[in-house]
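Undergrad: Top to bottom, those sequences are chains A and B.
Read the first sequence against full-length UniProt numbering and you will find it ends at 401, with the numbers running on by one and no gaps.
Read the second sequence against full-length UniProt numbering and you will find it ends at 401, with the numbers running on by one and no gaps.
Just so it is clear, CB atoms sit at the ideal spot from N, CA and C, and this is done for glycine as well.
There are 2 protein chains.
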Amino acid sequence: MALIVQKFGGSSVADRDRLFNVARIVADTHNAGNDVIVVVSAQGDTTDDLLAKAGEITCDASGREMDMLLAAGEQISCSLLCMALSELGCRAISLLGWQAGFITDRNHQRARIRKVDTERLECEIGKNQVVVVAGFQGINRADDLTTLGRGGSDTSAVAIAAAMKADLCQIYTDVEGVYTADPRVVGKAKKLAEISFDEMLELATLGAQVLNNRSVELAKKYAVRLEVLSSLNPVPGTIVKEVAAMEGMMIKGVAKDENVSAISVLSVHDVPGIAFKVFSLLAQRKINVDLILQSVGRDGTKDLSFTVPSTDRKAAVELLTEQLSRFGGTGVQYDDGVAKVSVVGAGMQSHSNVASTMFEALYENNINIRMISTSEIKISVLIDAKDANKAVNAIHEAFVG
Amino acid sequence: MALIVQKFGGSSVADRDRLFNVARIVADTHNAGNDVIVVVSAQGDTTDDLLAKAGEITCDASGREMDMLLAAGEQISCSLLCMALSELGCRAISLLGWQAGFITDRNHQRARIRKVDTERLECEIGKNQVVVVAGFQGINRADDLTTLGRGGSDTSAVAIAAAMKADLCQIYTDVEGVYTADPRVVGKAKKLAEISFDEMLELATLGAQVLNNRSVELAKKYAVRLEVLSSLNPVPGTIVKEVAAMEGMMIKGVAKDENVSAISVLSVHDVPGIAFKVFSLLAQRKINVDLILQSVGRDGTKDLSFTVPSTDRKAAVELLTEQLSRFGGTGVQYDDGVAKVSVVGAGMQSHSNVASTMFEALYENNINIRMISTSEIKISVLIDAKDANKAVNAIHEAFVG
Numbered sequence: 001m002a003l004i005v006q007k008f009g010g011s012s013v014a015d016r017d018r019l020f021n022v023a024r025i026v027a028d029t030h031n032a033g034n035d036v037i038v039v040v041s042a043q044g045d046t047t048d049d050l051l052a053k054a055g056e057i058t059c060d061a062s063g064r065e066m067d068m069l070l071a072a073g074e075q076i077s078c079s080l081l082c083m084a085l086s087e088l089g090c091r092a093i094s095l096l097g098w099q100a101g102f103i104t105d106r107n108h109q110r111a112r113i114r115k116v117d118t119e120r121l122e123c124e125i126g127k128n129q130v131v132v133v134a135g136f137q138g139i140n141r142a143d144d145l146t147t148l149g150r151g152g153s154d155t156s157a158v159a160i161a162a163a164m165k166a167d168l169c170q171i172y173t174d175v176e177g178v179y180t181a182d183p184r185v186v187g188k189a190k191k192l193a194e195i196s197f198d199e200m201l202e203l204a205t206l207g208a209q210v211l212n213n214r215s216v217e218l219a220k221k222y223a224v225r226l227e228v229l230s231s232l233n234p235v236p237g238t239i240v241k242e243v244a245a246m247e248g249m250m251i252k253g254v255a256k257d258e259n260v261s262a263i264s265v266l267s268v269h270d271v272p273g274i275a276f277k278v279f280s281l282l283a284q285r286k287i288n289v290d291l292i293l294q295s296v297g298r299d300g301t302k303d304l305s306f307t308v309p310s311t312d313r314k315a316a317v318e319l320l321t322e323q324l325s326r327f328g329g330t331g332v333q334y335d336d337g338v339a340k341v342s343v344v345g346a347g348m349q350s351h352s353n354v355a356s357t358m359f360e361a362l363y364e365n366n367i368n369i370r371m372i373s374t375s376e377i378k379i380s381v382l383i384d385a386k387d388a389n390k391a392v393n394a395i396h397e398a399f400v401g
Numbered sequence: 001m002a003l004i005v006q007k008f009g010g011s012s013v014a015d016r017d018r019l020f021n022v023a024r025i026v027a028d029t030h031n032a033g034n035d036v037i038v039v040v041s042a043q044g045d046t047t048d049d050l051l052a053k054a055g056e057i058t059c060d061a062s063g064r065e066m067d068m069l070l071a072a073g074e075q076i077s078c079s080l081l082c083m084a085l086s087e088l089g090c091r092a093i094s095l096l097g098w099q100a101g102f103i104t105d106r107n108h109q110r111a112r113i114r115k116v117d118t119e120r121l122e123c124e125i126g127k128n129q130v131v132v133v134a135g136f137q138g139i140n141r142a143d144d145l146t147t148l149g150r151g152g153s154d155t156s157a158v159a160i161a162a163a164m165k166a167d168l169c170q171i172y173t174d175v176e177g178v179y180t181a182d183p184r185v186v187g188k189a190k191k192l193a194e195i196s197f198d199e200m201l202e203l204a205t206l207g208a209q210v211l212n213n214r215s216v217e218l219a220k221k222y223a224v225r226l227e228v229l230s231s232l233n234p235v236p237g238t239i240v241k242e243v244a245a246m247e248g249m250m251i252k253g254v255a256k257d258e259n260v261s262a263i264s265v266l267s268v269h270d271v272p273g274i275a276f277k278v279f280s281l282l283a284q285r286k287i288n289v290d291l292i293l294q295s296v297g298r299d300g301t302k303d304l305s306f307t308v309p310s311t312d313r314k315a316a317v318e319l320l321t322e323q324l325s326r327f328g329g330t331g332v333q334y335d336d337g338v339a340k341v342s343v344v345g346a347g348m349q350s351h352s353n354v355a356s357t358m359f360e361a362l363y364e365n366n367i368n369i370r371m372i373s374t375s376e377i378k379i380s381v382l383i384d385a386k387d388a389n390k391a392v393n394a395i396h397e398a399f400v401g
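Structure, rendered in structure tokens:
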């Protein structure tokens, strides 16, 4: 008998039929002799509906009241799923975030889990019943409701799996697992049987939106065995674990991220500390800088180029324009029409031909590379957004086939 | 400076405009220098929507999961009202039932309040802000959510007013107060400036659905000064208190209740204990018996007639038919086409002409009386349902004018 945590997202519990579909998966797992803790998100459009209600009233709601409002979403879905489970003859009890012991810090809307107090979870699971936990939410030391921010339910599931030392944490989605590329873009994309935490982290960061990054980091930290699989198609998914089998394939995936903008600060002083000043300024405003390119100095000046998430572009350009004189720069340029394409795979640093294979594939397809960044397990290039899908296909063809 | 509890029902907070209307009332009260605790119900159709969701899944949901589901309704409305208050520049904080200290017994869907732990309420109200409490809900000793059943938000408001020793508990509704009769039935119905708890209780029981009975009982027990008033029309409402001023009018109201059925058990043995047996049988099934008429015994038998709520008629008739032999009865008859009409007013027992005035009014309008019941502060008659509105008008004319 194993303890399995199963997480279902909003579309998986969107309506009556979907709820019964989920209830059947859960009941089957329980009937097979496992202890099961289920984590659910709010139903389909519930969160959007609640946000719309708040938006009618104010565009400046306090984080505390937004959390109070939004937490109602999972409260509804977790009780409904328990009703569906009971209807299938499977005993079940719902627990809100605070009832399940989720203690967080005081940050509303993006709270961090401090700990999961498992006393009640252990008590309820000991009664031979399924426990359905409202994901995404917790409580702070002041007894106020908090929410965990984007991808919060994935994080809830992994946190429970870690705290309860579960044998497996299954993240059910609407895809069958982690693919070598987005199947909507690359027809030949292959499902991976296994992937390592680090590879998954790079893929998640790079825009493969299967698993939230925070949940992968947490899983890695507590060595929680993850499985990404489909709630609609009952086939094995992708296992995420510390070290993945090599599968004769070094490259685990090709990802693209179109939500990036390129910014250049032109002709700044070519003296020590300039890059530090520019990027610390952005860091103070919580703007994450990704790819960075610095031109070779000439005539005592150089250009500094980098990418930021598209949503931060406006703020970054305004800030830099305002402070431009501090760096002696002559102007700030930006370009929203770019995309980042990356190959990810552990072990690529010991294979010198990965980069050249990637660049060759792009060259053969007449795609211009604007910036390049490499890490131990990935190579990213910035290209024109219009070339993104062509680039993903070309790179996938070169590495995976 | 006074502490005022204000309760707003579901229709008062149904949408954006209604929420801002409520927020303005609350902010005005607060700005006038009062401490304000607000109790809200779920928005307009939220509860019905949630019940429909559950109904799609099962017709036999556990009380615990229904409470979990329904409690989301007030969670939504209380956070939205806080946002509206903030938008008006009035600081506010929302508290769920359990955060506001509502400890209940273990009965789901109709929990009784055991106590209100006012520690947090006192702390938050001390911060010069409005506290908005989710009505209708609490928590039991097992840390599970409970709901208080019908009219629960009224009860929540009165319980807070009692526990916090509030100076006034205002129940906002869509009528301007308590009337001498239903204004939709009697054009000349007058709003009462004051009414006593006992009179209000009789009126509530008799179908004047302004205030829930449980909340009036609670207010009487803890001497909470109540005011019933309109959230749409800012005029003084009706004060409910221990002893109401006489106002030169002995009769406080004329009420009708059409949700009654008459049942007769024919020719039961005319021996001691028969009435006890019949009514204890009904009491075991939680069927409330109201007006009772026992015919004069003849030939060793008598007929026993009484009224029950229409919703209990089927169960009562089935039960009595099944057990008929125990009383020696020859049959069970029922009639759903009846209505109860009552006059209510403290002091009427010392005025012998109340009954005769009432009967005369009915006689002059050719309305037949089928059963009569009197108490210290009311006289009720059972008549044909088709005559109910005519009877209410005739009696109102005779007493109030």
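#1: Does the separation of the CB atoms of A:Ser11 and A:Val22 fall below 8 Å?
#2: Which two residues bound the contiguous beta strand (DSSP E) that contains B:Gly337?
#3: Indicate whether at least one CB of chain D lies closer than 8 Å to the CB of B:Cys82.
#4: Going along the chain, which residues of its own chain have a beta-carbon closer than 8 Å to the beta-carbon of A:Ala388, five neighbours each way excluded?
#5: Indicate whether B:Tyr172 and B:Ser231 have their beta-carbon atoms separated by less than 8 Å.
#6: Against chain B, does A:Ala61 count as a neighbour if the rule is that its beta carbon must be under 8 Å from one of theirs?
#7: Could you pull the start and end residues of the alpha helix (DSSP H) that A:Ile160 belongs to?
#8: Using a Cβ-Cβ cut-off of less than 7 Å, give me the residues of the segment 339-369 of chain A that come near chain B, in sequence order.
#9: Determine the contact status of B:Asn140 and B:Ala111, defining contact as a CB-CB distance below 8 Å.
#10: Assuming A:Gly135 and A:Ser41 form a contact by the criterion Cβ under 8 Å, report the distance between their Cβ atoms to the nearest whole angstrom.
#11: Please look up how many angstroms separate the CB atoms of B:Gly329 and B:Val265, rounded, as I've assumed it's under 8 Å.
#12: So what's B:Phe136 in DSSP terms, helix, strand or just coil?
#13: Please list, in chain order, the chain B residues whose beta carbon lies closer than 8 Å to that of A:Gln75.
#14: Could you check if B:Gln6 is buried or exposed, using at least 16 other CB atoms within 10 Å of its CB as the buried criterion?
#15: Does A:Tyr179 come out as helix, strand or coil in the three-state DSSP assignment?
#16: Whose C-beta lies closer than 8 Å to the C-beta of B:Arg120 among residues of the same chain, with five residues either side of it excluded?
#17: Give the secondary structure of B:Val392 by DSSP, where H, G and I count as helix, E and B as strand, and everything else as coil.
#18: Report yes or no: is there a C-beta of chain B within less than 8 Å of the C-beta of A:Ala54?
#19: At 9 Å on the CB atoms, spell out the chain A contacts of B:Gln99, in chain order.
#20: Give the residues of chain A in contact with B:Ile57, contact being defined as C-beta atoms less than 8 Å apart.
#21: Distance, Cα to Cα, B:Ile103 vs B:Ala355?
#22: Could you name each continuous alpha helix (DSSP H) segment of 4 residues or more that falls completely within the segment 352-381 of chain A, going from the start of the chain to the end?
#23: Rounded to the nearest angstrom, what separates A:Asp48 and A:Thr58 at their Cα positions?
#24: Quick check: is the beta carbon of B:Ser261 nearer than 8 Å to any beta carbon in chain A?
#25: Got a sec: is the Cβ-Cβ distance from A:Glu65 to anything in chain B below 8 Å?
#26: According to DSSP, is B:Arg112 part of a helix, a strand, or is it coil?
#27: Just to confirm, is the Cβ distance from A:Leu168 to A:Ala2 under 8 Å?
#28: Using the rule of at least 16 other Cβ atoms within 10 Å of the residue's Cβ for burial, across every protein chain shown, is A:Arg214 buried or exposed?
#29: Between A:Phe306 and A:Ile369, how many whole angstroms is the CB-CB distance? I'm expecting something under 8 Å.
#30: Straight-line CA distance for A:Lys378 to A:Tyr334?
#31: Just curious, the alpha helix (DSSP H) that B:Ile125 is in, first and last residue?
#32: Tell me whether A:Phe276 is buried or exposed, calling it buried when 16 or more other Cβ atoms sit within 10 Å of its Cβ.
#33: Spell out the partners DSSP gives A:Gln170 in its beta bridges.
#34: At a CB-CB cut-off below 7 Å, which residues of chain A make contact with B:Ser94?
#35: Check whether the Cβ atoms of A:Ile125 and A:Ile37 lie closer than 8 Å to each other.
#36: Would B:Lys252 and B:Glu199 be called neighbours here (beta carbons separated by less than 8 Å)?
TA: Looking at the coordinates:
#1: If you check the CB distance, A:Ser11 and A:Val22 do not come in under 8 Å.
#2: Gly331 to Val344
#3: Looking for chain D here will not work: the only protein chains present are A and B.
#4: Lys256, Glu258, Ala339 and Val341
#5: yes
#6: yes
#7: Gly152 to Ala163
#8: none
#9: yes
#10: That pair is a contact at about 5 Å.
#11: 5 Å
#12: coil
#13: Met68, Leu69, Ala71, Ala72 and Gln75
#14: With 16 or more Cβ atoms within 10 Å of its Cβ, B:Gln6 is classed as buried.
#15: strand
#16: Leu95, Gln99, Ala100 and Gly101
#17: Correct three-state label for B:Val392: helix.
#18: yes
#19: Asp143, Asp144 and Leu145
#20: Arg16, Leu19, Phe20, Leu80, Met83, Ala84 and Glu87
#21: 45 Å
#22: 353-364
#23: 15 Å
#24: no
#25: yes
#26: coil
#27: yes
#28: buried
#29: Incorrect: roughly 16 Å between the Cβ atoms, too far for contact.
#30: 25 Å
#31: Glu119 to Ile125
#32: exposed
#33: A:Gln6 and A:Glu227
#34: Glu65 and Met68
#35: yes
#36: yes
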